[in-house]
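One structure below.
Protein chains in written order, with our numbering: chain A, 2 to 403; chain B, 22 to 428.
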């Protein structure tokens with residue numbers, strides 16, 4: 002059974018994370034994704050680690066493989082007239098074009114949606130940027146996902162009430178936004194199958210981020226309350242939060258404020274938790290500090306992972322707040338087949354992540370490595386842009402495919 | 022865009038955003054709750070800070086545009102009605118409480134040309150299949166939570182549950198991908214979403230750090246460290262906080278140079294620090310052309326300059342100079358930002374006899390618009406209309422189901 006998007010062609014003009022990760026979803030779903038790169042201005046993701054064996058290099062970024070798995074790569078200078086002509090030929094070939102430039106960039110190159118749809122009237126195109134293609138700040142606003150998180154309201158909310166916010170881990174909107182891009186694209190494809198209509202889709206990373214924290218936005222617009230940082234706990238739950246393990250910066254989360262979970266935790270830990278003050282939820286909330294101290298004393302006796310195993314075995318929702326080392330050996334990830342081997346001509350054996358869902362009887366494409374810079378330039382120019390060997394040679398002489 | 026697609030969502034926390042995205046994209050979504058109300062109705066914040074089944078803002082935010090019905094699906098009548106009902110839908114979405122908990126799909130024979138999506142917290146057959154999973158458990162298991170927060174204190178999550186958002190958004194993709202397969206050859210599809218893996222997207226490259234031969238780093242505290250210099254992402258300013266990313270290398274170095282030039286112009290760092298080329302920082306450090314003290318000087322100067330300026334002043338200057346700097350907006354800032362207002366992010370919703378502005382449009386389409394057609398359903402609001410309309414139940418039958426607690 003073929004993959005859901007078998008036969009769908011994607012021209013991926015995007016860089017760094019949001020766009021490439023969105024296009025990786027499409028590649029996993031079976032689409033033929035051609036990524037446009039440049040060897041003079043390489044995709045900045047190629048400069049971000051982790052690098053295989055810790056050795057930097059443009060062909061050594063495992064993050065690059067993770068977000069560009071299964072794509073073909075061509076080098077093309079979009080700023081040159083010859084390069085622009087090739088981009089239009091590739092647009093005519095493509096069903097979908099994705100881009101993540103600063104909003105004015107494609108307009109300046111005359112490669113915006115209105116230019117591209119002249120060669121492909123039913124084109125589906127996504128532009129993604131920090132704050133969108135319209136609005137007072139649109140045309141100049143460049144940025145990264147840390148800024149998307151800040152503008153969405155998320156950064157302000159993460160941390161302790163008595164300290165400045167710490168914000169999310171990494172460029173948060175880079176992980177949130179692809180979900181809205183891919184959903185929008187797949188819906189647009191569905192409509193195109195029925196009506197033949199293409200579509201232009203403008204997705205601002207800050208606005209996608211707002212969807213993941215929309216209850217906080219509602220708290221302001223409905224209640225007039227500006228939500229504040231809450232640390233690691235919850236005003237309405239106890240015990241709830243991160244508790245220390247015996248290992249360095251090892252933490253186990255416990256979420257046992259419901260009566261059944263609480264009774265199991267209490268029976269397991271015993272000792273001070275048997276105090277009658279903790280019998281009721283209201284009692285636990287009112288005596289949160291001594292209760293949390295009791296739980297912390299108990300969890301400190303063993304590693305975060307041992308805590309997790311003992312607590313889950315007793316029927317208490319818990320998990321170590323894992324980081325890289327624990328994930329690398331997590332048997333659940335192995336059982337899920339999530340970490341998949343790739344064999345790359347430059348870095349050799351490595352592992353990247355697989356998809357986060359499965360479909361049957363249709364199936365996702367098995368995991369592949371990401372491309373080398375310009376690895377498929379020649380074949381793509383021939384197959385997809387319909388160029389002859391002579392055309393390609395003259396592009397090379399003009400410096401348009403470097 | 023999804024006009025004509027009919028979705029039956031068996032409400033769980035993890036299904037809410039999936040159904041909401043599909044409804045925003047035009048599908049007709051019906052959410053099924055137990056007679057006592059879905060779990061999502063008990064999630065804070067609540068309207069005016071007072072609890073109630075019809076007062077959860079989280080429920081409202083994630084169930085707008087859906088219709089709702091109740092059904093006790095563990096009763097014989099509930100099972101029978103659900104079995105008939107699913108025949109009439111293109112998509113059924115559900116979530117299980119643990120990896121190994123049975124899925125309704127195992128019991129219900131769906132229409133052959135339909136999509137059934139099941140969200141599970143952990144792998145169905147893995148060693149954690151029996152784990153009890155709450156939102157916080159998913160976030161801890163994802164690897165994202167362990168990287169968040171000041172290193173001298175426990176890890177901090179976002180105060181809005183994120184596991185359910187990650188799983189739900191991933192499920193929307195899985196459903197739409199299954200629909201694409203169905204559109205292709207008419208074959209019905211089963212989609213299985215792993216909630217932990219969905220949340221793991223937020224851990225970025227953490228899962229492949231070790232296998233690529235790199236050590237586990239310390240908790241980055243929202244920033245990182247270079248040559249022993251703490252590089253914050255968030256800086257206090259005169260009226261709040263701003264985010265500034267100091268990045269290096271050929272791609273991002275020029276922005277750091279422009280930022281340093283500004284800090285120098287304002288007199289907070291020396292000419293040497295303000296006008297040097299910061300792009301090759303890592304090789305310059307290695308070869309001794311620059312030291313940690315100079316990098317510290319840049320960070321200190323930046324901190325001092327931000328402390329004297331407001332979020333708005335910094336933001337205006339950052340846009341003009343194309344810097345990787347933005348205000349850490351609170352929700353009042355977000356709600357009044359001219360950028361989002363002019364773009365039409367906000368829709369108005371009339372609910373609980375008031376009009377509320379809600380962040381509705383996650384995307385702007387050239388020939389489609391995300392509209393807010395109705396507020397989230399009140400408990401059992403559409404049960405009679407759906408059961409009478411879809412399954413032709415009589416008034417007496419509906420009353421009997423209610424009398425016996427099935428609806």
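In this text, a Cβ means the ideal position worked out from N, Cα and C, and glycines have one as well.
Span of the beta strand (DSSP E), counted from its first residue to its last, around residue i
| i | result |
| --- | --- |
| residue 90 (chain B) | 87 to 91 |
| residue 128 (chain A) | 125 to 130 |
| residue 36 (chain A) | 33 to 38 |
| residue 201 (chain A) | 200 to 205 |
| residue 139 (chain B) | 136 to 141 |
| residue 29 (chain A) | Segment 19 to 29 is the alpha helix (DSSP H) holding residue 29 (chain A); no beta strand (DSSP E) there. |
| residue 358 (chain A) | 358 to 361 |
Length of the line joining the Cα atoms of residue i and residue j
| i | j | result |
| --- | --- | --- |
| residue 293 (chain A) | residue 240 (chain A) | 7 Å |
| residue 34 (chain B) | residue 231 (chain A) | 21 Å |
| residue 85 (chain A) | residue 234 (chain B) | 40 Å |
| residue 346 (chain B) | residue 132 (chain A) | 13 Å |
| residue 15 (chain A) | residue 281 (chain A) | 54 Å |
| residue 40 (chain B) | residue 199 (chain B) | 15 Å |
| residue 329 (chain B) | residue 108 (chain A) | 37 Å |
| residue 397 (chain A) | residue 403 (chain A) | 7 Å |
| residue 26 (chain A) | residue 82 (chain A) | 31 Å |
| residue 386 (chain A) | residue 111 (chain A) | 19 Å |
| residue 109 (chain B) | residue 79 (chain B) | 29 Å |
| residue 43 (chain B) | residue 201 (chain B) | 14 Å |
Secondary structure of residue i, DSSP reduced to three states
| i | result |
| --- | --- |
| residue 76 (chain A) | strand |
| residue 29 (chain B) | strand |
| residue 211 (chain B) | strand |
| residue 221 (chain A) | helix |
| residue 242 (chain A) | strand |
| residue 168 (chain B) | helix |
| residue 430 (chain B) | Residue 430 (chain B) cannot be examined here, being either before or after the span of chain B that is shown, 22 to 428. |
| residue 65 (chain B) | coil |
| residue 283 (chain B) | helix |
| residue 105 (chain A) | helix |
| residue 348 (chain A) | coil |
| residue 263 (chain B) | strand |
| residue 13 (chain A) | strand |
| residue 228 (chain B) | helix |
| residue 428 (chain B) | coil |
| residue 368 (chain B) | strand |
Chain-ordered chain B contacts of residue i [CB-CB under 7 Å]
| i | result |
| --- | --- |
| residue 316 (chain A) | 153 |
| residue 243 (chain A) | 175 and 176 |
| residue 391 (chain A) | Those within 7 Å of residue 391 (chain A) in chain B number zero; the least Cβ separation is about 34 Å. |
| residue 63 (chain A) | 226, 229 and 233 |
| residue 324 (chain A) | 164, 167, 168, 227 and 237 |
Beta-carbon neighbours of residue i, restricted to chain A and to distances below 7 Å
| i | result |
| --- | --- |
| residue 149 (chain B) | 333 |
| residue 273 (chain B) | 45 |
| residue 69 (chain B) | 224 |
| residue 387 (chain B) | 200 and 201 |
Contacts that residue i makes with chain A (C-beta to C-beta distance below 8 Å)
| i | result |
| --- | --- |
| residue 349 (chain B) | 151, 156, 157, 166 and 168 |
| residue 377 (chain B) | 219, 222 and 223 |
| residue 356 (chain B) | 218, 221 and 222 |
| residue 46 (chain B) | 184, 185 and 188 |
| residue 133 (chain B) | Residues of chain A passing the Cβ test: none, with the nearest at roughly 12 Å. |
Range of the contiguous alpha helix (DSSP H) that encloses residue i
| i | result |
| --- | --- |
| residue 82 (chain A) | 82 to 94 |
| residue 402 (chain A) | Where residue 402 (chain A) is concerned, there is no enclosing alpha helix (DSSP H), given that its DSSP letter is neither H nor E. |
| residue 380 (chain B) | It is not in any alpha helix (DSSP H) - residue 380 (chain B) instead sits in the beta strand (DSSP E) that spans 375 to 380. |
| residue 161 (chain A) | First-last for residue 161 (chain A): undefined, no H or E at that position. |
| residue 336 (chain B) | 332 to 342 |
Contacts that residue i makes with chain A (C-beta to C-beta distance below 9 Å)
| i | result |
| --- | --- |
| residue 300 (chain B) | Under the 9 Å cutoff, chain A gives no residues; its nearest Cβ is about 11 Å from residue 300 (chain B). |
Chain B residues whose Cβ lies nearer than 9 Å to that of residue i
| i | result |
| --- | --- |
| residue 26 (chain A) | 194 and 198 |
| residue 137 (chain A) | 359, 360 and 363 |
The ligand ADP heavy atom lying under 7 Å from the CB of residue i
| i | result |
| --- | --- |
| residue 363 (chain B) | The ligand ADP is absent from the structure shown, which contains no ligand whatsoever. |
Given 8 Å, three or more beta-carbon pairs between the region 331 to 347 of chain A and the region 130 to 150 of chain B | yes
State whether the region 158 to 166 of chain B contacts the region 218 to 225 of chain B, with contact taken as three or more CB pairs (one from each stretch) at a distance under 8 Å.
-> yes
The region 348 to 360 of chain A / the region 207 to 224 of chain B touching (three or more Cβ pairs under 8 Å) = Flag = yes, the region 348 to 360 of chain A and the region 207 to 224 of chain B touch.
Do the region 374 to 393 of chain B and the region 183 to 200 of chain A make contact, defined as three or more Cβ pairs closer than 8 Å?
-> yes
Should the region 57 to 72 of chain A be called in touch with the region 87 to 105 of chain A, which here means at least 3 C-beta pairs below 8 Å?
-> no
Flag this pair as touching only if the region 196 to 206 of chain A and the region 203 to 214 of chain B have three or more C-beta atom pairs under 8 Å; answer yes or no.
-> The answer is no - the region 203 to 214 of chain B does not touch the region 196 to 206 of chain A, with fewer than three Cβ pairs under 8 Å.
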